[in-house]
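In our numbering, the protein residues as written are 14 to 123.
C-beta: ideal position from N, C-alpha, C; glycine also.
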């Protein structure tokens with residue numbers, strides 16, 4: 014089992030889902046077992062998460078969703094290479110802090 018702290022340093026409640034697989038599946042592109050862990054964190058709070066097994070302990074993807082002004086936003090990020098910066102952020106440290114979320118800006122003549 015792995016242990017990681019997730020911190021919500023934003024001003025909105027977050028729902029987070031992480032997808033855990035084997036690191037080898039990222040390197041080879043071969044399909045492997047995946048496990049999804051979903052949890053919620055309020056602003057200024059943290060969540061301690063135990064995840065993974067000996068064979069399945071690599072965080073491959075993270076989904077962050079939140080609501081602002083009755084609109085639900087989602088951010089999905091997936092590691093495509095073990096060399097990607099996100100791979101290091103998700104897997105190498107003892108914690109992951111979500112420091113900022115921002116909805117897209119829209120404009121219309123309506």
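Inset, instruction - Would you mind stating whether residue 124 and residue 47 have Cβ atoms separated by less than 8 Å? - result: For the chain, the structure presents residues 14 to 123; residue 124 sits outside this window and is missing.
Legend entry - Ranges of the beta strand (DSSP E) found wholly within the stretch 50-103, counting only runs of at least 3: Runs of the beta strand (DSSP E) inside the stretch 50-103: 59-64, 71-81 and 84-91.
Inset, instruction - Inspect the CB distances between the stretch 14-25 and the stretch 61-77 and report whether three or more fall short of 8 Å. - result: The stretch 14-25 makes contact with the stretch 61-77: 3 or more CB pairs, one atom from each, lie closer than 8 Å.
Inset, instruction - Identify the continuous beta strand (DSSP E) that holds residue 30 and give its terminal residues. - result: In the chain shown, the residue the question calls residue 30 occupies position 17. Segment 27-34, the beta strand (DSSP E) holding residue 30.
Legend entry - DSSP-derived helix/strand/coil call for residue 46: Mapped onto the chain shown, residue 46 falls at position 33. Residue 46: coil per DSSP, three-state reduction.
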